[in-house]
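Heads up, the thing below is written out as structure tokens.
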Amino acid sequence: MPNMSPKKNPMPVQDPAVRARNFGEVALGYDEATALDEAARCLNCKNMPCVSGCPVNIRIPAFVEKVREGDFEGAYKVITESSSLPAVCGRVCPQETQCESKCVRGIKGEPVGIGRLERFVADWHNDNVAAKPERPAQNGHRVAVVGSGPSGLSCAGDLAKRGYAVTVFEALHVAGGVLMYGIPEFRLPKKIVRREIDTLRALGVDFETNVIIGKTLTVDQLFEKGFEAVFIGSGAGLPRFMGIPGEALKGVYSANEYLTRSNLMGAYREDSATPILRAKRVAVVGGGNVAMDAARTALRLGAEKVYIVYRRGLEELPARREEVEHAMEEGIDFRLLTNPVRILGYQNENDRRDPKNGFVTGIECIKMELGEPDASGRRSPVEVPGSEFTLDVDAVVMSIGTSPNPLIKSTTEGLTVNRRGGIVVEETTGLTSKPGVYAGGDAVTGAATVILAMGAGKTAAAAIDRSLSGKNA
Amino acid sequence: MYRITEKRSLNPTVTLMEIEAPYVAAAARPGQFIILRVDENGERIPLTVAGYDREKGTVRIIFQIVGATTAALNRKNVGDTIPDFAGPLGKPTEVEGLKKVCVVGGGVGCAIALPIAEELHRLGCEVHTVIGFRSKDLLILEKEFAAVSDRLAVMTDDGSAGRQGVVTLPLGEWLAAGENYDEIITIGPLVMMKFVVATARPFGVPTVVSMNPIMIDGTGMCGGCRLTVGGETKFACVDGPDFDGYLIDFDEAMSRSAMYRDFETAKREEDCNLFRDANNV
Chain S
1 MPNMSPKKNP MPVQDPAVRA RNFGEVALGY DEATALDEAA RCLNCKNMPC
51 VSGCPVNIRI PAFVEKVREG DFEGAYKVIT ESSSLPAVCG RVCPQETQCE
101 SKCVRGIKGE PVGIGRLERF VADWHNDNVA AKPERPAQNG HRVAVVGSGP
151 SGLSCAGDLA KRGYAVTVFE ALHVAGGVLM YGIPEFRLPK KIVRREIDTL
201 RALGVDFETN VIIGKTLTVD QLFEKGFEAV FIGSGAGLPR FMGIPGEALK
251 GVYSANEYLT RSNLMGAYRE DSATPILRAK RVAVVGGGNV AMDAARTALR
301 LGAEKVYIVY RRGLEELPAR REEVEHAMEE GIDFRLLTNP VRILGYQNEN
351 DRRDPKNGFV TGIECIKMEL GEPDASGRRS PVEVPGSEFT LDVDAVVMSI
401 GTSPNPLIKS TTEGLTVNRR GGIVVEETTG LTSKPGVYAG GDAVTGAATV
451 ILAMGAGKTA AAAIDRSLSG KNA
Chain R
474 MYRITEKRSL NPTVTLMEIE APYVAAAARP GQFIILRVDE NGERIPLTVA
524 GYDREKGTVR IIFQIVGATT AALNRKNVGD TIPDFAGPLG KPTEVEGLKK
574 VCVVGGGVGC AIALPIAEEL HRLGCEVHTV IGFRSKDLLI LEKEFAAVSD
624 RLAVMTDDGS AGRQGVVTLP LGEWLAAGEN YDEIITIGPL VMMKFVVATA
674 RPFGVPTVVS MNPIMIDGTG MCGGCRLTVG GETKFACVDG PDFDGYLIDF
724 DEAMSRSAMY RDFETAKREE DCNLFRDANN V
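Protein sequences appear in the order of chains S and R. Quick note on the working numbering: the first sequence kicks off at 1 and runs consecutively. Quick note on the working numbering: the second sequence kicks off at 474 and runs consecutively.
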């Protein structure tokens, strides 16, 4: 008999007051008994609506059934048929808009906690199974992957499992891309990312750090070196700013910079060689996952007051629901329907050498209201005249998205990009306008999610395999 | 890992190193920069390429010991390695088609100006050079500049070598005397470049400045190196590091460069104390 409880088993979490001051993981994960109980809520629907909601088509009812049987390793094997990074996706996927949004149990109650079960299975495997996967027999083909974020790792993993010799080129000094520099420790512990990468190494994937494709080597040089196909998963690029006065003041960060300093460079540690401003009052502009990460990082760096400033309403916040809830529990002050007008800085008119000159002192905002729906159906926010007010802050983090990085497109002839600078690809294969060159992830779509990038990496891996194995035949 | 194959002290605060980095050596051009880390928990710092040997696969860097990271780098010796050395980043300096150029370098910036002067000379361009230092002890690369310059002025603040005064003194005189430069290329402290631009402006000579703001990734990801250029936000790492000097907001760049002054001062003191303690044991 299925467990007919209308509610998901809650995720055990660190107490909000405690966790807001440490970088330990917020969500603690199900134990075995809870996982068994949650798995029993699955009705094992024959038409499997949940699978259609998963960008990498994990056979969800099959893995949940294995969990219900207590065969956790069996469940892990089902997941890894489709996903290279289960411990990551169980933590960062927006399940409420994907698999869980299609769950029949969600019609009258809460859907099955698919993401929580995925995380449980991956963690159980990592804690209990020491064996590393074996390197498959090699097929003699070489593929280069540009970027070691979610799309690159997923593409590399799928190709390695099929016997390809894969080299991943990473511009930074560590592999993992946004999983290392972007998503904070308290949401995705770095040891989990390192473990997933070690698993790929065991499969034979080679990682070359400190190589910036487009600068150190060009895409054409990769072909000259004997690679037969190239996958570009170079990620999102240049952070956007609003173009309002005061954005060059000291204390104004892009979310990318703020998070990179803390996550990648470890600036949250007292002994770090990399500095970060330990601001007491911080405004984060934006409403996505990255904005939530930045706001919660600011708290953990010692801020007493942290605002989220977002021009639309609660319903429109693009962040994962759980991140918004966690941020609210931790005391982040959400200033919704609010938009910055300018950033204010200190200037001592009598002393040009005053060291406080040029540092942020506040952010002037204006209230917004939702107007008529636009062409996309979304109601655009419009300013409420005369509603300006100032928040006193000493740091501002701009988290309003990115535009694609120009390094590869400017050095690769024959690569077509769209109006926004994203690489143009065939949807079903990831093939670009340049023969043998595939692309996926944020480099194509602009800022999106880990799982969509992984899906794109998978699609390209399958297409590369079809193309190169066809050559063999 | 990247091996140090040569190390030389150019003056008490400036060191030259050759680093084995074949990919970078093969691709680098004058005006570009690299990012390195000295140890596993180190910060990433940008340094402009001061030369390269494509055959040997080595890249030359010249750095001034100004903070904890450059001090740690200076403690490394020939045969030691550093974990990270990535590049070349940024756009190369545009030297094609120039017939007559004045190169103006200040302090350790001269190390970056030299490969540009050498490249111009190699291309048959007439090169006039002004290099400036605080004093004789800090003077570097005079012979190397002399070898590629058709006209050279060496300046020191205290007059202990060359002529006393700032670099804009001879530059202004040469311009006033009717020297027609296609371009002025200047590399050095922000305040010096600001005044080189101010000196050039009345003569309308195009002036290229090499910016070296605070940076992390160097690939266009973090936006920390942003500058206001002609009213627009530009990223030094991908749009530069060279920019039209007439368009740069120098006062803003100077303010931003001091963002972590307190942190850097504290680190330096900590570092010095560590050394004092170590030496006392």
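Beta carbons: idealized from backbone N, C-alpha and C, even for Gly. These figures come from a predicted structure and were not determined experimentally.
How should residue i be labelled, buried or exposed, when 16 other C-beta atoms within 10 angstroms of its C-beta is the threshold for buried?
i, result
"S:Ile192", "buried"
"S:Val18", "exposed"
"S:Asp394", "buried"
"S:Ser399", "buried"
"S:Ser433", "exposed"
"S:Phe120", "buried"
"S:Ile308", "buried"
"S:Met4", "exposed"
"S:Ala473", "Because S:Ala473 sits at a pLDDT of 39, beneath the cut-off of 50, its placement in the model cannot be relied upon, and the point is left open."
"S:Asn405", "buried"
"S:Ile60", "buried"
"R:Val511", "buried"
"S:Leu222", "buried"
"S:Arg419", "exposed"
"R:Phe708", "buried"
"S:Phe72", "buried"
Could you give the residue range of the alpha helix (DSSP H) that holds residue i?
i, result
"S:Phe72", "72-82"
"S:Pro49", "49-52"
"R:Ala544", "541-547"
"S:Phe120", "114-128"
"S:Pro86", "86-92"
Of the residues the options, which one's Cα is nearest the Cα of residue i?
i, options, result
"R:Ala494", "R:Val522, R:Val487, R:Asn484, R:Gly515", "R:Val522"
"S:Pro12", "S:Phe223, S:Ser82, S:Arg116, S:Asn350", "S:Arg116"
"S:Gly487", "S:Val285, S:Glu224, S:Val143, S:Phe63", "Outside the modelled stretch of chain S, which goes from 1 to 473, sits residue 487 of chain S, for which no answer is possible."
"R:Ala524", "R:Ala590, R:Glu615, R:Met666, R:Ala620", "At residue 524 of chain R the sequence reads Gly, which differs from the Ala that was named. Looking at the Cα atoms, R:Ala590 is the closest of the given residues."
"S:Asp127", "S:Glu196, S:His326, S:Pro340, S:Gly313", "S:Glu196"
"S:Pro2", "S:Tyr30, S:Arg21, S:Val56, S:Cys45", "S:Cys45"
"S:Cys99", "S:Asp351, S:Gly237, S:Gly440, S:Cys54", "S:Cys54"
"S:Arg187", "S:Gly113, S:Val424, S:Arg300", "S:Arg300"
"S:Asn397", "S:Gly29, S:Ala175, S:Leu317, S:Leu259", "The identity of residue 397 of chain S in the sequence shown is Val, whereas the question assumes Asn. Nearest of S:Gly29, S:Ala175, S:Leu317, S:Leu259 to S:Val397, Cα basis: S:Leu259."
Looking at the C-beta of residue i, does it have a partner C-beta in chain R at a distance below 7 Å?
i, result
"S:Ile212", "yes"
"S:Glu257", "yes"
"S:Ser254", "yes"
"S:Gly446", "no"
"S:Phe227", "no"
"S:Thr459", "no"
"S:Leu238", "yes"
"S:Thr167", "no"
"S:Lys250", "yes"
"S:Val230", "no"
"S:Thr260", "yes"
"S:Gly422", "no"
"S:Gly358", "yes"
"S:Asn405", "yes"
"S:Ala434", "Note that residue 434 of chain S is Lys in the sequence shown here, rather than Ala. Not an interface residue."
"S:Phe241", "yes"
Using a C-beta to C-beta distance shorter than 7 Å, which residues of chain A count as neighbours of residue i?
i, result
"S:Met368", "In summary, chain A is missing from the structure at hand, where the protein chains are S and R."
How would you write the range of the beta strand (DSSP E) that residue i sits in, first residue to last?
i, result
"R:Asn484", "475-484"
"S:Glu364", "360-373"
"S:Asn256", "First-last for S:Asn256: 255-259, but that is the alpha helix (DSSP H), not the beta strand (DSSP E)."
"R:Ile657", "656-660"
"S:Met398", "395-398"
Within 7 Å (strictly less), CB to CB, does residue i reach chain S?
i, result
"R:Phe736", "yes"
"R:Leu472", "The structure shown does not extend to residue 472 of chain R, since chain R spans only 474 to 754, so no value can be given for it."
"R:Val754", "A caution first: R:Val754 carries a pLDDT of 43, below 50, which makes its placement in the model unreliable, though a value can still be read off. No, R:Val754 does not count as interfacial toward chain S."
"R:Gly515", "yes"
"R:Glu491", "no"
"R:Asp553", "no"
- Any 3 or more C-beta pairs closer than 8 Å across the stretch 542-553 of chain R and the stretch 568-581 of chain R: no
- the stretch 226-243 of chain S touching the stretch 129-149 of chain S, judged by at least three CB pairs closer than 8 Å: yes
- Counting Cβ pairs, one atom from each stretch, are 3 or more of them under 8 Å apart for the stretch 666-683 of chain R and the stretch 703-722 of chain R? yes
- Query: Do three or more CB pairs link the stretch 656-673 of chain R to the stretch 721-730 of chain R at distances below 8 Å?
  - Reply: yes
- Query: Given 8 Å as the limit, is there contact between the stretch 239-255 of chain S and the stretch 204-220 of chain S, that is, 3 or more CB pairs closer than that?
  - Reply: no
- Item | Segment contact, 8 Å Cβ cut-off, at least three pairs: the stretch 444-457 of chain S with the stretch 478-493 of chain R | no
- Task: Tell me, please, whether the stretch 352-359 of chain S touches the stretch 283-301 of chain S by the rule of three or more beta-carbon pairs shorter than 8 Å.
- Result: no
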